[in-house]
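Student: Note that the working numbering has the sequence shown beginning at 3, numbered continuously upward. Each residue gets a CB set at the ideal place from its N, CA and C atoms; glycine is no exception. This one's a predicted model, so the numbers in the text were calculated from it and none came from an experiment.
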Amino acid sequence: MFFPEGRIRVFLYGQAADMRQSYDGLYALARQGFEVDVLAGHMFVFINRRQTQMKVLYFDRSGWCLWCKRLESGKFSRKGVQGGSGEIDCTALKLMLEGIEVRRRHKHI
3 MFFPEGRIRV FLYGQAADMR QSYDGLYALA RQGFEVDVLA GHMFVFINRR
53 QTQMKVLYFD RSGWCLWCKR LESGKFSRKG VQGGSGEIDC TALKLMLEGI
103 EVRRRHKHI
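Put into structure tokens, the structure is as follows:
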């Protein structure tokens, strides 16, 4: 993905999404789930119930774009926004797409 990370906002839909939905269905979910202008170029991330498929929807100036990824093994992690929708940063999306799960480790002194 080649986006200016400072200007792009990424929203992760916290509930399981039906991966049979395409542009219009995911657009409707984004409109209902987030209180932002969905035509402003933000990215909306949807993950299925089994957490093996992800779709990223965004609007560029000429129309809707939809990226899809299906994992052959493993699962996408929705940590941090369980049960609800929320905003994540571009770095978190990139790590999710690569299958890297960040865990906090506390150093005991």
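Note the first and the last residue of the continuous beta strand (DSSP E) segment covering LEU68.
Tutor: Note, LEU68: beta strand (DSSP E), 65-72.
Student: Apply the 10 Å Cβ neighbour rule to ARG80 and answer buried if 16 or more other Cβ atoms are within range, or exposed otherwise.
Tutor: Burial call: buried.
Student: Please look up how many angstroms separate the CB atoms of LEU28 and LYS57, rounded, as I've assumed it's under 8 angstroms.
Tutor: About 6 angstroms; that satisfies the 8 angstroms criterion.
Student: What are the boundary residues of the alpha helix (DSSP H) that includes GLU100?
Tutor: Per DSSP, GLU100 belongs to the alpha helix (DSSP H) from 92-100.
Student: In the structure shown, what three-state DSSP assignment does TYR60 receive?
Tutor: TYR60: strand per DSSP, three-state reduction.
Student: Could you check if ARG49 is buried or exposed, using at least 16 other CB atoms within 10 Å of its CB as the buried criterion?
Tutor: It should be pointed out that residue 49 corresponds to Ile in this sequence rather than to Arg. Buried.
Student: Since ILE10 and CYS92 should fall inside the 8 angstroms C-beta cutoff, what is the C-beta to C-beta distance between them, to a whole number of angstroms?
Tutor: Between CYS92 and ILE10 the Cβ distance is about 6 angstroms, and since that is below 8 angstroms, they are a contact.
Student: Express the C-alpha separation of ILE90 and ALA42 in angstroms, rounding to a whole number.
Tutor: Cα to Cα, ALA42 sits roughly 16 angstroms from ILE90.
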